[in-house]
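Residues are numbered in my numbering as their position in the sequence shown, beginning at 1, plus a constant of 1.
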Amino acid sequence: MVKNSRRIFPRYIWKIIVACTLLVILLGMVSYRHAKEQMQKDLKENLSYCLTSFNNTFNAMAYAGYTLELEPTVSGVMHSPLTVDPYDYRLTLERCEDIQAQLSSLGVSSINLYQEQAEFVFATGVGKVDVKDYTDGAFLQSLKTSPMPAVVQRTNNNNRVITLATGYSSKYSANTYGYLCFNLKNSHLENQLSKFLQEGYSFSLISRQAEAPPILLGESAGYAYTETGMLNSYYLSLQISYPRSLFLEKFIRSFLQQCVLLVLGIAIVCTIFLWSFRSFRNFFGPILFRLVDFYCQSEDSQSFTADSLQKSFNRLIDDRKTYEEQLLETHRWMEEKGINFLLQGIFTEKSEIFSLSSSLAQVQNGTFLVACIHLMEGALENRERVLLRAMLKNIFTQTSEQEIFSRAVDMDFESIGVVSVYPAELSPQDIRKAFLHRLETMRSSLPKLLYEKVFVSVVCPVCGLEQIPAGYQRAKANLIYRHILMDTHHFFADTSEPEPDILISPLEMTHMISAIRMDRLDVLENYVKQLLDKEYTEGGTEWYKLKSKIYIIVSMIFNQSFLSADSTLWEKLYEQAQSLGNARNEEEILLGMKNLLETISQETLSVIARSESGSHYVYAACRYIEENYDREIAVGDIAQALSLNVKYLSRLFKQHCGQTMTQYISALRLKKAIALLETTSLPIHSVGEQVGFHDVRGFIRLFKKQYGITPSEYRLEKA
């Protein structure tokens, strides 16, 4: 037996060793991947910090007029992206007496222009001096052996500074004539760079126009992890590196420490668990067995306890509350269903109505008001429609002081029915005033964009429950008048008169609106001719009604046609409408209407029905872009908002506008950007963000492509 145990023990030890080795390898792979991701994250954060610091200083310098951007007219043959004209800088340094104060406020301690052949320096705050007599001359002369361009961290007069140095040449020769240095005095950036260098990072400044990769702020030996970012105002890229050897050394050291701690932790936890389990079993085991035995005996002797009874009672109370809430919800649903059936005319007897809506049984002797709330088709997204329905039902369901009862119920996808009951002693004028107050509450409660998509048609008074279906049908028919009420979102029909203030029937208006959308303006002309068949006396009642009908027809034409916003066109239309209003006989009315219809037929942009050409969708897409151009929008977002196929909408837009939606969005954003550049002093990146360009380089590139100059140059020209 001993011999067998000796054979089994090494076999299990080998399996344990293999399992632990595999576990260590797996943990090492996971840790290495995590460490590598963390290293890349640290590189990006450090690079972002350096880019932000440099860009802030360079942007401030550019804003003050000290720009180093490449000018091909100055030097088209120089490889350095920081080439400048030394003559211009010499004039600047000699002419600006207050340049030192300006540079200090920008974080630039000084600018040195060293001419190599003449051996003299132009320095801000000092003037022209010989390089040997200049305090910083030794550094300037050392640039002859340094790769250009470069960023150097050094000490000057016991002050630590960061120097941006570049060689310059004339525009006729590629030979280096000297060096231009910008000394940045930024203690926070300098301390941070020193910290990065001590941790092993290195930095490089790389030209994006020529293969010139000088190393600066540290040296990178061997293979290294790198991240590169571009400076905004220069044709340069800043590269940050971290040696792979150093990374591996730190990773191995950290991983070994973690493994040791993990093994110790597992050993300690297992030891504590085993000791605790044995102690618990030895000490509390007998006590637990006795407690269990005592509980079983007590349960046998007494079935219920005070705690169990209290819990049962609480559950009973909760169940009753839930039942009451469900009962109220069912009662509300039944009442809404009953009012819905009443408005549709499904019920024929009062008993059927009262079986679902007990509230109506209590107010059947009052004066009824019926309304149809219409939500503009195709103008609302699903979430907007749900929100608007909830808000409208809440507004029209709350009973006011003068009302006895008021309910709003869903009728179909685009309409909500309203039934309100008022005391019988109230006159129709008082009821109308009370309901107008509710409409004012609706206007003040809804957002403007949602309020503009609502139209309310009201019929009052309705005498008795039996007349409610007919009243609701009349309210739905009167929705047609929304096409001539441009600034009003409601229409009242008083049933105390047969046809109050209705000059054109809803059926006639429906035919005329259909003719306008189908570009059949000849139908309107024939309708006007039929109106003129009767004899009218100028100044009489019938003559006044005739001219009112003409005005209604003109309003429908203007409302249903998508006309150009050209002021000349509208001045012409206004003159023709005014001459039509001043007509004194039938011939002048017919001639004026004919001229007006011819002008609209020639100038209309889109007067055909939505189902035939899709112009309505193009108009809705343009409106969506106008409202959301400052956000990140794509063609798919617009198509989803209009519930259309992306390819179909793109083809429609291209046919009607002559350009793609992407081009239209970019052109609109650039126009908005020009307005901000002319009227505000916002930074360029803020202007781009406010009009929807979240990539400042892309914004500048697109602006220059469109207008031939950068946004900064455009602002300077306008200034």
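Glycine included, each C-beta is placed from N, C-alpha and C at the ideal position.
(request) Under 8 Å by Cβ, that's how I've got residue 528 and residue 510 pegged, so tell me the actual separation to the nearest angstrom. (result) Position 527 of the sequence shown, counting from 1, holds the residue named residue 528. Position 509 of the sequence shown, counting from 1, holds the residue named residue 510. In fact, because the Cβ distance is near 11 Å, the residues do not count as touching under 8 Å.
(message) Going by DSSP in three states, residue 39 sits in which element: helix, strand or coil?
(response) Walking along the sequence shown from the start, residue 39 turns up at place 38. If DSSP states are grouped into helix, strand and coil, residue 39 belongs with the helices.
(request) Identify which residue in 368, 572, 569, 526 has its Cα closest to the Cα of residue 550. (result) One-based indexing of the sequence shown puts residue 550 at position 549. Residue 526 is the option with its Cα nearest to residue 550.
(message) Just to confirm my understanding: we take residue 115, look at its own chain, exclude 5 residues before and 5 after, and list those with CB closer than 6 Å. What are they?
(response) Within the sequence shown, the letter at position 114 stands for residue 115. The residues are 122, 141, 179, 180.
(request) Could you have a look at residue 637 and say whether DSSP puts it in helix, strand or coil? (result) The residue you call residue 637 lines up with position 636 of the sequence shown. Here residue 637 sits in helix by DSSP.
(message) Is the beta carbon of residue 54 closer than 8 Å to that of residue 190?
(response) In the sequence shown, counting from the first residue as 1, residue 190 sits at position 189. In the sequence shown, counting from the first residue as 1, residue 54 sits at position 53. Contact: yes.
(request) Evaluate contact between the region 420 to 433 and the region 395 to 405, counting only Cβ atoms and requiring at least three cross-stretch pairs below 8 Å. (result) yes
(message) Taking a contact to mean a Cβ-Cβ separation below 8 Å, would you say residue 637 touches residue 647 in this structure?
(response) Within the sequence shown, numbered from 1, the residue matching residue 637 stands at position 636. Within the sequence shown, numbered from 1, the residue matching residue 647 stands at position 646. For residue 637 and residue 647, yes; Cβs fall inside 8 Å.
(message) Under DSSP, the alpha helix (DSSP H) around residue 228 begins and ends at which residues?
(response) Residue numbering aside, residue 228 sits at position 227 when the sequence shown is read from its first letter. Residue 228 -> not in any alpha helix (DSSP H); beta strand (DSSP E) instead, spanning 225 to 231.
(request) Would you kindly check if the distance between the Cβ of residue 317 and the Cβ of residue 420 is under 8 Å? (result) By 1-based counting over the sequence shown, the position of residue 420 is 419. By 1-based counting over the sequence shown, the position of residue 317 is 316. No, the pair does not count as a contact, with Cβ atoms beyond the cut-off.
(request) Ignore the nearest five residues each way along the sequence and tell me which others in residue 621's own chain have a CB closer than 6 Å to its CB. (result) If you number the sequence shown from 1, residue 621 lands on position 620. The answer, listed in chain order, is 643.
(message) Quick check: what's the CA-CA separation for residue 440 versus residue 628?
(response) Along the sequence shown, one-based indexing puts residue 440 at 439. Along the sequence shown, one-based indexing puts residue 628 at 627. Using only the alpha carbons, I get a separation of about 27 Å.
(message) Do residue 457 and residue 374 count as a contact pair if the criterion is CB distance below 8 Å?
(response) By one-based count along the sequence shown, residue 374 stands at place 373. By one-based count along the sequence shown, residue 457 stands at place 456. Yes, the pair counts as a contact, with Cβ atoms nearer than the cut-off.
(request) Rounded to whole angstroms, what's the CA-CA distance from residue 1 to residue 51? Just pull it up for me. (result) In the structure displayed, the chain extends from 2 to 720; residue 1 sits before or after that span and is not available.
(message) Going by DSSP in three states, residue 135 sits in which element: helix, strand or coil?
(response) Here residue 135 is taken as the residue at index 134 of the sequence shown, counted from 1. Reduced to three states, the DSSP call for residue 135 is coil.
(request) Given a cut-off of 8 Å, decide if residue 469 and residue 369 are closer than it, judged by their beta-carbon atoms. (result) As a working mapping, residue 369 is identified with position 368 in the sequence shown. As a working mapping, residue 469 is identified with position 468 in the sequence shown. Against a cut-off of 8 Å, the Cβ pair of residue 469 and residue 369 comes out as a contact.
(request) Let me know the secondary structure DSSP gives residue 608 once reduced to three states. (result) Translated into the one-based positions of the sequence shown, residue 608 becomes position 607. Unreliable placement is indicated for residue 608, whose pLDDT of 37 sits below 50; no coordinate value is reported for it.
(request) Can you say whether residue 283 is buried or exposed, counting buried as having 16 or more other CB atoms within 10 angstroms of its CB? (result) One-based indexing of the sequence shown puts residue 283 at position 282. Looking at its Cβ environment, which holds fewer than 16 other Cβ atoms inside 10 Å, residue 283 is exposed.
(request) Report the three-state DSSP secondary structure of residue 244 (helix, strand or coil). (result) Working through the sequence shown from its first residue, we reach residue 244 at position 243. Looking at residue 244 - three-state DSSP - the assignment turns out to be strand.
(message) Taking a contact to mean a Cβ-Cβ separation below 8 Å, would you say residue 459 touches residue 471 in this structure?
(response) On the sequence shown, position 458 is the one that residue 459 refers to. On the sequence shown, position 470 is the one that residue 471 refers to. It is not a contact, given that the beta carbons lie outside the stated cut-off.
(message) Just to confirm the assignment: which complete alpha helix (DSSP H) runs, minimum length 4, are found wholly within the region 444 to 472?
(response) 449 to 452
(request) Excluding the 5 residues preceding and the 5 following residue 130 in the sequence, name in chain order all residues of the same chain whose CB lies nearer than 8 Å to its CB. (result) Here residue 130 refers to the residue found at position 129 when the sequence shown is read from its first residue. Answer for residue 130: 121, 122, 124, listed in chain order.
(request) May I have the straight-line CA-CA distance separating residue 117 from residue 127, to the nearest angstrom? (result) Translated into positions along the sequence shown, residue 117 becomes position 116. Translated into positions along the sequence shown, residue 127 becomes position 126. Taking the straight line from one Cα to the other gives about 18 Å.
(request) Would you kindly work out how many angstroms separate the C-alpha atoms of residue 686 and residue 697, rounded to a whole number? (result) Your numbering for residue 686 matches position 685 in the sequence shown. Your numbering for residue 697 matches position 696 in the sequence shown. For residue 686 and residue 697, the distance between alpha carbons rounds to 5 Å.
(message) Can you tell me where the alpha helix (DSSP H) holding residue 669 begins and where it ends?
(response) Here residue 669 refers to the residue found at position 668 when the sequence shown is read from its first residue. 662 to 680 is the extent of the alpha helix (DSSP H) around residue 669.
(request) Determine the burial state of residue 205: buried for a count of at least 16 other Cβ atoms within 10 Å of its Cβ, exposed for fewer. (result) As a position in the sequence shown, residue 205 is number 204, starting the count at 1. The residue in question, residue 205, is buried, as its Cβ has 16 or more Cβ neighbours within 10 Å.
(request) Since I believe residue 134 is in contact with residue 157 (beta carbons under 8 Å), could you give me their beta-carbon distance rounded to a whole number of angstroms? (result) Numbered from its first residue, the sequence shown carries residue 157 at position 156. Numbered from its first residue, the sequence shown carries residue 134 at position 133. So it is not a contact: roughly 16 Å between Cβ atoms.
(message) Suppose you measure from the CA of residue 195 to the CA of residue 162; what does that come to, to the nearest Å?
(response) Locating residue 195 in the sequence shown gives position 194, counting from the first residue. Locating residue 162 in the sequence shown gives position 161, counting from the first residue. One C-alpha to the other measures close to 11 Å.
(message) Using only the alpha-carbon positions, how far apart do residue 582 and residue 436 sit?
(response) For the purposes of this step, residue 582 is taken as residue 581 along the sequence shown, with counting starting at 1. For the purposes of this step, residue 436 is taken as residue 435 along the sequence shown, with counting starting at 1. If I take the Cα positions, the gap works out to 34 Å.
(message) Taking the beta carbon of residue 16 as the centre, do at least 16 other beta carbons fall within 10 Å, making it buried, or is it exposed?
(response) For the purposes of this step, residue 16 is taken as residue 15 along the sequence shown, with counting starting at 1. Counting Cβ neighbours within 10 Å, residue 16 comes out exposed, since fewer than 16 surround it.
(request) Give the range of the beta strand (DSSP E) segment to which residue 114 is assigned. (result) On the sequence shown, residue 114 is found 113 positions in, with the first residue counted as 1. Looking at the DSSP string, the run of the beta strand (DSSP E) that includes residue 114 is 109 to 116.
(message) For residue 447 and residue 319, what's the separation of their Cα atoms in angstroms?
(response) Position 446 of the sequence shown, counted from the start, is the residue given in the question as residue 447. Position 318 of the sequence shown, counted from the start, is the residue given in the question as residue 319. The alpha-carbon atoms of residue 447 and residue 319 are separated by roughly 37 Å.
(message) Once DSSP output is grouped into helix, strand and coil, what is the label at residue 423?
(response) As a working mapping, residue 423 is identified with position 422 in the sequence shown. Residue 423 falls in the strand class under three-state DSSP.
(request) Determine the direct distance from the alpha carbon of residue 569 to that of residue 334, and round the result to whole angstroms. (result) Within the sequence shown, residue 334 is the residue found at index 333, counting from 1. Within the sequence shown, residue 569 is the residue found at index 568, counting from 1. Their Cα atoms are separated by approximately 56 Å.
(request) Can you say whether residue 597 is buried or exposed, counting buried as having 16 or more other CB atoms within 10 angstroms of its CB? (result) In the sequence shown, residue 597 corresponds to position 596, counting from 1. So residue 597 counts as buried.
(message) I'd like the ranges of any beta strand (DSSP E) spanning at least 3 consecutive residues and lying wholly in the region 255 to 291.
(response) none
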